[in-house]
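Asker:
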Amino acid sequence: MALAKADMIVMHPLPRINEIATEVDDDPRAAYFEQVRYGMFVRMALIMKLLGAEEPA
1 MALAKADMIV MHPLPRINEI ATEVDDDPRA AYFEQVRYGM FVRMALIMKL LGAEEPA
(Lines of atoms letter the chains of each structure in order from A and count residues from 1; the text may use other names and numbers.)
(Lines give C-alpha, C1' and ligand atoms only; values in the text may rest on other atoms or scores of the structure.)
Protein backbone atom coordinates (compact mmCIF):
# COMPACT_ATOMS: atom_id res chain seq x y z
CA MET A 1 0.00 0.00 0.00
CA ALA A 2 2.95 2.31 0.53
CA LEU A 3 3.63 2.33 -3.22
CA ALA A 4 -0.01 2.79 -4.23
CA LYS A 5 -1.43 6.09 -5.43
CA ALA A 6 -3.07 8.28 -2.79
CA ASP A 7 -6.41 8.36 -4.64
CA MET A 8 -6.57 4.61 -5.25
CA ILE A 9 -9.32 2.58 -3.56
CA VAL A 10 -9.27 -1.11 -2.71
CA MET A 11 -12.48 -2.97 -3.52
CA HIS A 12 -13.19 -6.67 -3.03
CA PRO A 13 -16.45 -8.68 -2.97
CA LEU A 14 -15.29 -10.54 0.17
CA PRO A 15 -14.47 -12.85 1.81
CA ARG A 16 -10.85 -11.86 1.36
CA ILE A 17 -9.27 -14.89 3.02
CA ASN A 18 -5.62 -15.18 1.92
CA GLU A 19 -6.15 -12.47 -0.72
CA ILE A 20 -5.86 -9.14 1.13
CA ALA A 21 -3.89 -8.64 4.33
CA THR A 22 -5.93 -7.63 7.38
CA GLU A 23 -3.62 -4.61 7.81
CA VAL A 24 -5.31 -3.07 4.77
CA ASP A 25 -8.57 -2.82 6.77
CA ASP A 26 -7.24 0.24 8.61
CA ASP A 27 -6.20 2.05 5.42
CA PRO A 28 -8.65 4.84 4.46
CA ARG A 29 -8.46 3.62 0.85
CA ALA A 30 -10.01 0.26 1.76
CA ALA A 31 -13.59 0.46 0.49
CA TYR A 32 -14.63 -3.19 0.61
CA PHE A 33 -16.67 -3.01 3.83
CA GLU A 34 -18.64 -0.07 2.43
CA GLN A 35 -18.94 -1.92 -0.88
CA VAL A 36 -20.45 -4.94 0.88
CA ARG A 37 -22.85 -2.76 2.90
CA TYR A 38 -24.15 -0.99 -0.22
CA GLY A 39 -24.35 -4.31 -2.05
CA MET A 40 -26.84 -5.57 0.52
CA PHE A 41 -29.19 -2.66 -0.22
CA VAL A 42 -28.83 -3.18 -3.97
CA ARG A 43 -29.73 -6.86 -3.62
CA MET A 44 -32.72 -5.98 -1.41
CA ALA A 45 -33.96 -3.46 -3.99
CA LEU A 46 -33.58 -5.97 -6.82
CA ILE A 47 -35.53 -8.61 -4.90
CA MET A 48 -38.30 -6.11 -4.14
CA LYS A 49 -38.45 -5.11 -7.81
CA LEU A 50 -38.60 -8.73 -8.97
CA LEU A 51 -41.36 -9.54 -6.49
CA GLY A 52 -43.34 -6.44 -7.47
CA ALA A 53 -43.26 -4.99 -3.96
CA GLU A 54 -44.29 -1.38 -3.50
CA GLU A 55 -41.78 1.17 -2.26
CA PRO A 56 -42.12 1.98 1.44
CA ALA A 57 -43.67 5.37 2.20
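The opening residue of the sequence shown carries number 1 in the working numbering; numbering runs sequentially from there. For every residue, glycine included, the Cβ atom is placed at its ideal position computed from N, Cα and C. Note that the structure is a prediction, hence the values are computed from the model and not measured.
Determine which residues share a DSSP beta bridge with Val-10 and list them.
Answerer: The residue labelled residue 10 in the question sits at position 10 within the sequence shown. DSSP, once it has assigned bridges, lists Ala-30 as partnering Val-10.
Asker: If Met-8 sits next to Val-24, beta carbons under 8 Å apart, how far is it from one beta carbon to the other, in whole angstroms?
Answerer: As a working mapping, residue 8 is identified with position 8 in the sequence shown. As a working mapping, residue 24 is identified with position 24 in the sequence shown. Contact flag wrong, Cβ pair sits at about 12 Å.
Asker: Please name the residue in Pro-13, Leu-50, Ile-47 whose C-alpha comes closest to that of Phe-33.
Answerer: Here residue 33 corresponds to residue number 33 of the sequence shown, with the count starting at 1. Comparing Cα positions, the closest option is Pro-13.
Asker: Quick one: using the 10 Å Cβ neighbour count with 16 as the cut-off for buried, is Ala-53 buried or exposed?
Answerer: For the purposes of this step, residue 53 is taken as residue 53 along the sequence shown, with counting starting at 1. That one is exposed.
Asker: Quick check: the Cα distance between Met-40 and Ile-47, rounded to an integer number of angstroms?
Answerer: Numbered from its first residue, the sequence shown carries residue 40 at position 40. Numbered from its first residue, the sequence shown carries residue 47 at position 47. If you take the alpha carbons of Met-40 and Ile-47, they lie about 11 Å apart.
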